[in-house]
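Number 625 in full-length UniProt numbering belongs to position 625 of the first sequence; there are no gaps in the numbering.
I have placed the structure first, in the form of structure tokens, so that the comments after it can refer back to it.
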Amino acid sequence: MRSLDGKVKKEKENGFARYAWTPHLFCVLICKLPADPFLYKASTHFGWLFFCSPQHVKSEPEDNFYYSPKYEKSLKRQRDDDDEWEEERYTDGVKWKFLEHKGPVFAPPYEPLPSHVKFYYDGKPMKLSLEAEEVATFFAKMLDHEYTTKDIFRKNFFKDWRKEMTAEEKSKITDLTKCDFTEMSEYFKAQSEARKAMTKEDKQKIKEENERTLQQYGFCIMDNHRERIANFRIEPPGLFRGRGDHPKMGMLKRRIRPEDIIVNCSKDSKHPEPPPGTRWKEVRHDNKVTWLVSWTENIQGSIKYIMLNPSSRIKGEKDWQKYETARRLKKCVDHIRNQYREDWKSKEMRIRQRAVALYFIDKLALRAGNEKEEGETADTVGCCSLRVEHISLYPEKDGQEYVVEFDFLGKDSIRYYNKVPVEKRVFKNLQLFMENKELDDDLFDRLNTSILNKHLQELMDGLTAKVFRTYNASITLQQQLKELTNVEENIPAKILSYNRANRAVAILCNHQRAPPKTFEKSMQNLQSKIDAKRDQLADAKRELKSAKADAKVRKDEKSKKAVETKKKAVQRVEEQLMKLEVQATDREENKQIALGTSKLNYLDPRISVAWCKKWGIPVEKIYNKTQREKFAWAIDMADQDFEF
DNA sequence: GAGAAGACTTAGTAATGACATG
DNA sequence: CATGTCATTACTAAGTCTTCTC
């Protein structure tokens, strides 16, 4: 029997294109296929078809397939029966039939500090026990970060650190302010400098080692495919860094051992081996879930998973499904909007609250807002969990009537600030909801996400609050692209339009980023480039002028040619200048806005693909390699007429 | 049917890598 | 070749929604 490693190598050598398909194949299959477009179109991408063409299969050396008894059997079965693949669309929650992987990669063990690197307590050097030293290094590594100045961080850290100390250390080290980690900190800085200064050869060696690990542990076999795993490395121990004002910041995130790990794989696969001398917590065979490995994390007590990469079939299908749900919403959104507007007038408070909340979710793309356990996480809210303190009502503001001002911290403690004019009925309702309430009372006291989602489920199958975000994001992109794309413009200008459409969505969804640290400088650099280009253009124009004058006098072929050359030069420089100017505009407008999140999670990729096809824009200009892998299904599927 | 646990998506930032520039 | 800059990737926290349990 061959090992996974063996197979991996072989596959690399052969440069095996997993998702290849030929037009011929495609046409043959369409005739046989049911109405559901994903079934064949996506299958071209996900490679099911692969097994449908004897000719194609023959062309692939058998060695390309990973050997495992069950896998082998199912492979044969599929090859024998062309129509079988249709059954690969699983029902009743089954996510896979065969799953094999090598388990996780654990964090490297702690390497003790060299003896010359000392920790000082109260000015005196102190040798720490291994356990205490390791936790101390976590703090030392963060010394430059402002986290370590925060009271809560320090308090949590110190409390957890003391738990790792010996009785003796515990009695001695009682005050964090007397701890001096600077020598340790300097040591780590020096280490990272040394790493940067490594020779090319050494760097190359590390790279190769990483590649080996990736090939071994970074892939699994799910059903008939070798799929990339997203996060095959176990999170190393360290100090927890929450976002925003997190009550648990600084707590010790403990080291995960094999004994903490639950492995999930198929019964008849080759099970992953725990490291020598250890054992897994459990090996289970649950094909109703998609994860390969899980463990319980000690900060919130929640479960963490190792799952597949977005390029995998299982993630891709789910993603496609998400956009199809959003497209179904498109068909009934008018009705739903009419409904909630009616509900603003309801006699029942709970229905009015539900209707106003839904209006916010729809109009402002707010998140649902589940309840959170107080004291366990940062104080952030979404729609259903808004409190009175988060909105202000203005019967009139800045020349507009019935203005609601939102100001709250949302997911990741990102501030949402917005002033929106609303319908009078909404305004009156809000006034009513706020009557006789304290600032920290819930705005929607008769509503939560579960009630809201139950209601939505009745309006449309599969409808939940987040579908509105997906729907509004995608429809906005589509509509903005229509509005902003100018037939006349060149490719860079069209891409600017695309980015602007993307930006409109990012603003809608409130996707923010910290302005890059070097933003001002890089902007200045770009500006000086533009200035230089302007000068160059002026020069080129001058040269053209004199060449023209010259040609007028001389009237010979040679000088005419010279004019042409100069003309071309001017054109080229003009284009370059424009490109730079476009780039500057784009960057300036993007200062605090993150486009990535919406591109990756909210915008139906088929809209972008169709747009690229329609205007002859190479899809690489819109999606980088990773994104193209994730959206391969859409790139295969969408033609230029695709409508969301 | 409520609350907890579980599964999965969405999110911003830090680290790394690739490429341009002096 | 060294250095700076920008893009990409890795990381993991923080949401949403579903399922389980009592």
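Glycine included, every Cβ here is placed at the ideal spot set by N, Cα and C.
I need the straight-line Cα distance from E643 to I607, nearest angstrom please.
Distance between the alpha carbons of E643 and I607 is about 7 Å.
Three Cβ pairs or more, each shorter than 8 Å: is that satisfied between the segment 454 to 463 and the segment 303 to 317?
Contact fails: fewer than three Cβ-Cβ distances are below 8 Å.
Select from A562, L537, N486 the residue whose C-alpha is nearest the C-alpha of A549.
Checking every option, the nearest Cα to that of A549 belongs to A562.
Run the proximity test for D286: is its beta-carbon closer than 7 Å to any non-hydrogen atom belonging to the ligand FAD?
The ligand FAD is not among the ligands present in this structure, which contains no ligands whatsoever.
Is it true that the CB of K345 sits closer than 8 Å to the CB of R425?
The answer is yes: Cβ separation under 8 Å.
A365 and R469 look like a contact to me (Cβ under 8 Å); what is the Cβ gap, rounded to whole Å?
At roughly 5 Å, the Cβ-Cβ gap stays under 8 Å, so A365 and R469 are in contact.
Return yes when the Cβ of K517 is within less than 8 Å of the Cβ of N287, no when it is not.
Contact: no.
What are the boundary residues of the alpha helix (DSSP H) that includes D151?
Per DSSP, D151 belongs to the alpha helix (DSSP H) from 151 to 164.
To the nearest angstrom, report how far apart Y187 and A136 are at their CA atoms.
Their backbone Cα atoms lie some 13 Å apart in a straight line.
How far does the beta strand (DSSP E) with F219 in it reach, from first residue to last?
219 to 222 is the span of the beta strand (DSSP E), which, as asked, contains F219.
Any idea what DSSP makes of residue 649, helix, strand or coil?
Residue 649 cannot be examined here, being either before or after the span of the chain that is shown, 1 to 644.
Is the distance from the Cβ of A610 to the Cβ of D641 below 8 Å?
A contact, by the Cβ cut-off of 8 Å.
Could you pull out every residue in the same chain whose Cβ sits closer than 6 Å to the Cβ of E423, ignoring the five residues on either side in sequence?
Closer than 6 Å at the Cβ level, and outside the excluded window around E423, lies no residue.
Secondary structure at H225, three-state DSSP: helix, strand or coil?
In this structure, H225 counts as strand in the three-state DSSP scheme.
Using beta-carbon positions only, say whether M142 and L239 come within less than 8 Å of one another.
Yes, Cβ-Cβ distance for M142 and L239 is below 8 Å.
Return the Cβ separation of G369 and V381 in integer angstroms, given the expectation that the two are a contact with Cβ distance under 8 Å.
That belief holds up - the Cβ atoms of G369 and V381 are roughly 6 Å apart, short of 8 Å.
Is the segment 505 to 514 close to the segment 403 to 423, with three or more CB pairs under 8 Å?
The answer is yes - the segment 403 to 423 touches the segment 505 to 514, with three or more Cβ pairs under 8 Å.
Should Q478 be labelled buried (16 or more other beta-carbon atoms within 10 Å of its own) or exposed?
Result: buried.
My guess is that M251 and N156 are in contact by the Cβ rule of under 8 Å, so how many angstroms apart are they, rounded?
Sure, about 5 Å apart at Cβ, within 8 Å.
Can you check which of these residues, L214, E235, P236, Y498, is closest to R226 by C-alpha distance?
Checked all of L214, E235, P236, Y498; the closest Cα to R226 is L214.
Going by beta-carbon coordinates alone, are G103 and P272 separated by less than 8 Å?
Yes, they are a contact pair.
Going along the chain, which unbroken runs of the beta strand (DSSP E) with 3 or more residues stay wholly within the segment 185 to 223?
Segments of the beta strand (DSSP E) lying fully in the segment 185 to 223: 219 to 222.
Residues in the same chain with beta-carbon distance under 8 Å from M523, minus the five sequence neighbours each way, listed in chain order, please.
Taken in chain order, the residues that qualify are A584, R587, E588.
Considering only C-alpha positions, which residue in the set K568, K529, D535, A532 is nearest to A547?
It is K568.
Would R228 and S294 be called neighbours here (beta carbons separated by less than 8 Å)?
No, the Cβ-Cβ distance between R228 and S294 is not below 8 Å.
Only counting the same chain, and skipping five residues up and downstream in sequence, which positions put a Cβ closer than 6 Å to that of E629?
Taken in chain order, the residues that qualify are S311.
Just the Cα atoms here: how many angstroms apart are L126 and E193?
Residue identity check: residue 126 is Met in the sequence provided, not Leu. Cα to Cα, the separation comes out at about 26 Å.
Nearest by alpha-carbon distance to H101: which of R154, C220, K150, E317 is it?
Here the closest residue by C-alpha is C220.
What is the DSSP secondary structure of L603, counted as helix, strand or coil?
Reduced to three states, the DSSP call for L603 is coil.
Going residue by residue through the segment 327 to 394, where are the continuous alpha helix (DSSP H) segments of at least 4 residues, counting only ones entirely within it?
Qualifying alpha helix (DSSP H) stretches, in chain order: 349 to 364.
Going by C-alpha to C-alpha distance, which of F106, L544, T148 sits closest to P236?
Comparing Cα positions, the closest option is F106.
For the segment 471 to 485 against the segment 314 to 331, are there 3 or more C-beta pairs whose distance is under 8 Å?
With a cut-off of 8 Å, the segment 314 to 331 and the segment 471 to 485 count as touching, because enough Cβ pairs lie within range.
For the candidate residues L526, V333, I391, I314, whose alpha-carbon lies nearest to that of W633?
Out of L526, V333, I391, I314, I314 has the C-alpha closest to the C-alpha of W633.
Which residues in the same chain as K170 place their Cβ atom closer than 7 Å to its Cβ, once the five residues preceding and following it in sequence are excluded?
R162, listed in sequence order.
Express the C-alpha separation of E373 and residue 657 in angstroms, rounding to a whole number.
There is simply no residue 657 to check, as the chain begins at 1 and stops at 644 in what is shown.
Where does the unbroken alpha helix (DSSP H) through K170 begin, and where does it stop?
Where K170 is concerned, the enclosing alpha helix (DSSP H) stretches over 167 to 172.
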